[in-house]
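Reviewing the structure listed below.
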Amino acid sequence: MMSKTSKLLVYALLLAGAAVFILPFAWMVITALKPVDQALTQPGAWLPRKFEAQVGGHFKEVRTSGVITEPSLWIRQAGARNPVVVREATVWDGAWNPAAGASVPIEVIKRVPASSGQPWVEISSLDGSATDIIRASEMRTHVSFRWENFPRAIASMRHFWRYLANTLLLCVLNVCGTVLSSAMVAYGFSRLEWRGREGLFGLLLVTMMIPFPVVMVPLYSLFRSLGMVGTLQPLWIGSFFANAFNVFILRQFFRTIPKDLSEAARIDGCGEFRIFWQIILPLCTPALIVVGLFTFLGAWNDYLGPLIYLTDERDFTLALGLDAMKSSESGATEWPYLMAASTLVILPVVALFFFAQRKFVEGIALTGIKG
Amino acid sequence: MTSGERRRSLVGLAFVSPWLLGFLVFTAYPVCASLYYSFCDYDVLSRPVWVGLLNYQDMVSDSVFWLSVRNTLLFNLIALPLGLASALTLALLLNQPVKMRGTFRAIYYLPSLVPAVAGAMVWLWILNARLGLLNQVLVGIGFSNPPQWLVDPAWTKPSLALVSLWGCGNTVVIYLAALQGVPQSLIEASMIDGASPFRRLVHVTLPAISPVIYFNLLIGIIGGLQVFTSAFIMMGGAGPERSVLFYAIYIYQNAFEYRHMGYASAMAWVLCMLILVLTLLASQISKRFVHYQGE
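Heads up: the protein sequence lines correspond to chains S and E, in order. To convert, note that position 153 of the first sequence is 133 in our numbering; the numbers rise steadily by one, no gaps. Throughout, our numbering is defined as the position within the second sequence, counted from one, plus 8.
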């Protein structure tokens, strides 16, 4: 059996691996709860903080924009509106040499005798109207989560609720369509004996091998000629015509149910559809749930489909909306809002997973081993 | 055919009719049309015009096409072995008698469920050259000049391989299920024979799960050649110096950005052939390494 050391090693590796797999989630959520400026100025800070400085006797929240750790001057250039911080060594004779050559006359507002032992902080009021430089020790700080980033992320995605409604609609339609049609087809391929069955099933297996890009263009032009491009229809109609992979999984499951059950029902005069609907389907609920779960996730996560078929920003799904949110922010990305929106898109998936964890694992094993 | 047989055939066909109909409309017709378009000049707006082998000839002389082939193969050369080996390692670790196996499995598996777009956003942020967590850590432990992950063309493919590695939990679960199916009698026999844990791994465990390794390899090749989403979202298409212009991305661009639908279809057929060849190659090689129980 395992020695103590190798057991320890196994746990150490497993924990290290787990930490690496969890870290992106943690970093996403932590960033989502940070003020926008802190994500940019103190990217390495682990927790979001609230900074408060004494203004006229009581503490008020401020934004910090930089830490000064060497002797500096807070100066205003002639003609410039906002004061800047420069190193003391770059100023002489009442002038500052910003670039090589031209020296600019300045007015010194404050001397900052900072050192790495006693840093000073550049602060501004929340609306950005007033700035000041104070000793870091004069500031009060405590951990504070910006929950309001979430409503702001929703607002900055503009049509968030529409995207959510579209995505949920697609999920429901795809799940219903796939589960019903695939179960019916799987029944035909497993519980009924008829000529040509094996041949057609072989054909079904072959279709699984066709890469999507092969059918991508004709499908697009087909849906276009039907006037469906720019609507949600191309994203769910296909699901009502059974998915080969799911048919395969369900067929494997259906075959495990004893034949006698169907025979007994047939002798009692039960029609084939009733046997399927009232006897076999209820027995196969676990497999149907697995298929439903993966279909839901597939629809929730789909990117390429909506990218191809949806043209109007108002019809987007959450996946496209999130992508558009990133693209629309030219230049400085407001990472906390983007992470808040990503958290919202991931959250239902995580919730679903914890709700139905065993189903997932069973499903994966089913598709992997038997496939 | 007796009337009973005919009736049974009709009932059977009725049950599989949704698939049969869908097959005709959403598979058979598109496959044929795609093959036809691949010999045409086609922009969706007007009728396709027959141009013979022109699209295929263009491909040979299109340097961007070859770049996309190169990018795709290079990326898979990094991502595929890395993903398969990491997943197998994690599964072997999880297969040890450890406590909280379910929790670990859940942690490894969860990222593979994350929507590609959301995952891409998170990794964009982590891999950000100046503000990203990864480079903050690297600078913190003494690398003064960490890689410009998503900016430097030399690092874009490894970056995306890292992102795909995060989603390997799916494969871990498949391996783990296979490992748990290895007959205990085999393990015990090798223990009695005094095999070391390493020899047991190489000579008993790995051969026993070789069909599943082979399955994952095939799925990996087929999926890897079609890699699209994370690169497309994170790099906005082709990436710096077109370093992540993958095959599927170039097909997409030809089809929906340049409206060269005929060329895109021709490329798709070449992809199909490539997958077929690689799959056959893998199945030939696998005959030497894959052991099916009961043979």
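Using N, Cα and C, we set each Cβ at its ideal position, and we do this for glycine too. If you're wondering where the values come from, they're calculated on a predicted model, not measured in any experiment.
(1) Taking buried to mean at least 16 other C-beta atoms within 10 Å of its own C-beta, is Ser167(E) buried or exposed?
(2) Check whether the region 164 to 182 of chain S touches the region 22 to 38 of chain E, counting contact only when three or more Cβ pairs, one atom from each stretch, lie closer than 8 Å.
(3) According to DSSP, is Lys14(S) part of a helix, a strand, or is it coil?
(4) Please report the straight-line C-alpha distance between Met137(S) and Phe1(S), rounded to a whole angstrom.
(5) Name the DSSP beta bridge partners of Gln57(S), please?
(6) According to DSSP, simplified to helix, strand and coil, what is Lys107(E)?
(7) Which residues in the same chain as Phe83(E) place their Cβ atom closer than 6 Å to its Cβ, once the five residues preceding and following it in sequence are excluded?
(8) Is the beta carbon of Ala256(E) less than 7 Å from the beta carbon of Gln292(E)?
(9) So, for Phe236(E): in the same chain, excluding its five sequence neighbours on each side, which residues have a beta-carbon less than 8 Å away from its beta-carbon?
(10) Less than 6 Å between the CB of Asn136(E) and some heavy atom of the ligand FAD, yes or no?
(11) In the structure shown, what three-state DSSP assignment does Val180(E) receive?
(12) Would you say Thr237(E) lies against chain S (beta-carbon separation less than 7 Å)?
(13) Could you name the residues of chain S that Tyr116(E) contacts, counting a contact when the two beta carbons are closer than 8 Å?
(14) Hey, quick one: how far does the beta strand (DSSP E) through Gln34(S) stretch, first residue to last?
(15) Pull up the distance between the alpha-carbon of Gln188(E) and that of Leu153(S), whole angstroms please.
(16) Roughly how far, in whole angstroms, is the beta-carbon of Ala41(E) from the beta-carbon of Pro193(S), given that I think they are within contact range, below 8 Å?
(17) Exposed or buried, Val68(E), counting other C-beta atoms within 10 Å across all chains shown (16 or more means buried)?
(18) Measure from the C-beta of Ser322(S) to each C-beta in chain E and report whether the shortest distance is under 7 Å.
(19) What residues from the region 185 to 216 of chain S come within 8 Å of chain E, judged by C-beta to C-beta, listed N to C?
(20) When you compare the CB of Phe225(S) with every CB in chain B, is at least one pair closer than 7 Å?
(21) Which residues mark the beginning and the end of the alpha helix (DSSP H) in which Phe264(E) is found?
(22) Round the Cβ separation of Thr80(E) and Thr187(S) to the nearest angstrom and send it over; I've been treating them as touching at under 8 Å.
(23) When the Cα atoms are used, what is the spatial distance from Ser(-14)(S) to Phe206(E)?
(24) Taking contact to mean 3 or more Cβ pairs, one atom from each stretch, closer than 8 Å, check whether the region 145 to 164 of chain E and the region 28 to 42 of chain S are in contact.
(25) Closer than 7 Å, CB to CB, is Glu303(E) near chain S or not?
(26) Going by beta carbon distance, what residues of the same chain come within less than 7 Å of Leu53(S), once the five residues before and after it are set aside?
(27) Are there three or more Cβ pairs, one per stretch, closer than 8 Å when the region 128 to 148 of chain E is compared with the region 8 to 20 of chain S?
(28) For Asn153(E), count neighbouring C-beta atoms within 10 Å of its own C-beta (all shown protein chains included) and say buried if the count is 16 or more, exposed if not.
(29) Please list the terminal residues of the continuous beta strand (DSSP E) segment that includes Val123(S).
(30) Within 10 angstroms of its Cβ, does Met362(E) collect 16 or more other Cβ (buried), or is it exposed?
(31) Hey, could you find the ends of the beta strand (DSSP E) Glu314(S) is sitting in?
(32) Compute the Euclidean distance between the alpha carbons of Leu(-5)(S) and Gln144(E), then round it to the nearest angstrom.
(33) Return yes when the Cβ of Ala274(E) is within less than 7 Å of the Cβ of Ser71(E), no when it is not.
(34) Contact criterion: CB-CB distance below 7 Å. Does Gly249(S) meet it with respect to chain E?
(35) At the level of alpha carbons, what is the spacing between His268(E) and Asn63(E)?
(36) Beta-carbon within less than 6 Å of Leu1(E)'s beta-carbon, same chain only, minus the 5 sequence neighbours each way: which residues are those?
Walking through what the data contain:
(1) Within the second sequence, numbered from 1, the residue matching residue 167(E) stands at position 159. Ser167(E) is buried by the Cβ-count criterion.
(2) Cβ pair count under 8 Å is three or more, so yes.
(3) Working through the first sequence from its first residue, we reach residue 14(S) at position 34. Lys14(S) falls in the coil class under three-state DSSP.
(4) As a working note, residue 137(S) is residue 157 in the first sequence. As a working note, residue 1(S) is residue 21 in the first sequence. Cα to Cα, Met137(S) sits roughly 28 Å from Phe1(S).
(5) In the first sequence, the residue the question calls residue 57(S) occupies position 77. DSSP output for Gln57(S) lists Ile86(S) as bridge partner(s).
(6) Within the second sequence, the letter at position 99 stands for residue 107(E). Looking at Lys107(E) - three-state DSSP - the assignment turns out to be coil, as it is neither helix nor strand.
(7) Mapped onto the second sequence, residue 83(E) falls at position 75. Correct list, in chain order: Lys165.
(8) The count along the second sequence starts at 1 and reaches residue 256(E) at position 248. The count along the second sequence starts at 1 and reaches residue 292(E) at position 284. No, Cβ-Cβ distance for Ala256(E) and Gln292(E) is not below 7 Å.
(9) Translated into positions along the second sequence, residue 236(E) becomes position 228. By the criterion of a C-beta distance shorter than 8 Å, Phe236(E) is surrounded in its chain by Phe254, Ala256, Ile257 and Tyr260, once the five residues flanking it on both sides are discounted.
(10) Ligands are entirely absent from the displayed structure, and the ligand FAD is therefore not among its contents.
(11) Here the question's residue 180(E) lines up with position 172 in the second sequence. Val180(E): helix per DSSP, three-state reduction.
(12) Looking up residue 237(E) in the second sequence gives position 229. Thr237(E) belongs to the set of residues whose beta carbon lies under 7 Å from a beta carbon in chain S.
(13) Here residue 116(E) is taken as the residue at index 108 of the second sequence, counted from 1. Going along chain S in sequence order, the residues near Tyr116(E) (Cβ under 8 Å) are Gly(-3), Ala(-2) and Phe1.
(14) Along the first sequence, read from residue 1 onward, the residue named residue 34(S) stands at position 54. Where Gln34(S) is concerned, the enclosing beta strand (DSSP E) stretches over Arg29 to Val35.
(15) Counting from 1 along the second sequence, the entry for residue 188(E) is found at position 180. Counting from 1 along the first sequence, the entry for residue 153(S) is found at position 173. In a straight line, the C-alpha of Gln188(E) is about 36 Å away from that of Leu153(S).
(16) As a working note, residue 41(E) is residue 33 in the second sequence. As a working note, residue 193(S) is residue 213 in the first sequence. Cβ atoms of Ala41(E) and Pro193(S) stay farther apart than 8 Å, at about 14 Å.
(17) The residue labelled residue 68(E) in the question sits at position 60 within the second sequence. Per the 10 Å Cβ criterion, exposed.
(18) What you label residue 322(S) is simply residue 342 of the first sequence in a count that begins at 1. Yes - at least one Cβ of chain E is within 7 Å of the one on Ser322(S).
(19) Considering only beta carbons, the part of the region 185 to 216 of chain S lying closer than 8 Å to chain E consists of Thr187, Met189, Ile190, Pro191, Phe192, Pro193, Val194, Val195, Met196, Val197, Pro198, Leu199, Tyr200, Ser201, Leu202 and Arg204, in chain order.
(20) This model lacks chain B altogether, as its protein chains are S and E.
(21) Counting from 1 along the second sequence, the entry for residue 264(E) is found at position 256. Where Phe264(E) is concerned, there is no enclosing alpha helix (DSSP H), given that its DSSP letter is neither H nor E.
(22) Indexing the second sequence from 1 puts residue 80(E) at position 72. Indexing the first sequence from 1 puts residue 187(S) at position 207. With 8 Å as the limit, Thr80(E) and Thr187(S) do not qualify as a contact, their Cβ atoms being about 24 Å apart.
(23) Counting from one through the first sequence, the residue named residue -14(S) turns up at place 6. Counting from one through the second sequence, the residue named residue 206(E) turns up at place 198. For Ser(-14)(S) and Phe206(E), the distance between alpha carbons rounds to 13 Å.
(24) The region 145 to 164 of chain E makes no contact with the region 28 to 42 of chain S, as fewer than three CB pairs between them are under 8 Å.
(25) In the second sequence, residue 303(E) corresponds to position 295, counting from 1. Only weak support exists for where Glu303(E) lies, its pLDDT of 44 falling under 50; the value from the coordinates is given anyway. For Glu303(E), the nearest beta carbon of chain S is not closer than 7 Å to its own beta carbon.
(26) Here residue 53(S) refers to the residue found at position 73 of the first sequence. The beta carbon of Leu53(S) is closer than 7 Å to those of Val66, Glu68, Val71, Val88, Arg91 and Val92 in its chain, skipping five residues each way along the sequence.
(27) Flag = yes, the region 128 to 148 of chain E and the region 8 to 20 of chain S touch.
(28) Here residue 153(E) refers to the residue found at position 145 of the second sequence. Per the 10 Å Cβ criterion, exposed.
(29) As a first step, residue 123(S) must be located in the first sequence, where it is residue number 143. Segment Met119 to Val123, the beta strand (DSSP E) holding Val123(S).
(30) Outside the modelled stretch of chain E, which goes from 9 to 303, sits residue 362(E), for which no answer is possible.
(31) Locating residue 314(S) in the first sequence gives position 334, where the first residue counts as 1. Segment: none, Glu314(S) is in no beta strand (DSSP E) and carries neither H nor E.
(32) Here residue -5(S) corresponds to residue number 15 of the first sequence, with the count starting at 1. Here residue 144(E) corresponds to residue number 136 of the second sequence, with the count starting at 1. Spanning the two alpha carbons is a distance of roughly 22 Å.
(33) Counted from its first residue, the second sequence places residue 71(E) at position 63. Counted from its first residue, the second sequence places residue 274(E) at position 266. The criterion of a C-beta distance shorter than 7 Å is not satisfied by Ser71(E) and Ala274(E).
(34) Locating residue 249(S) in the first sequence gives position 269, counting from the first residue. When Cβ-Cβ separations below 7 Å define contact, Gly249(S) makes no contact with chain E.
(35) If you number the second sequence from 1, residue 268(E) lands on position 260. If you number the second sequence from 1, residue 63(E) lands on position 55. Inter-residue distance for His268(E) and Asn63(E) is about 10 Å (C-alpha atoms, whole angstroms).
(36) Nothing about residue 1(E) can be read from this structure; chain E reaches only from 9 to 303.
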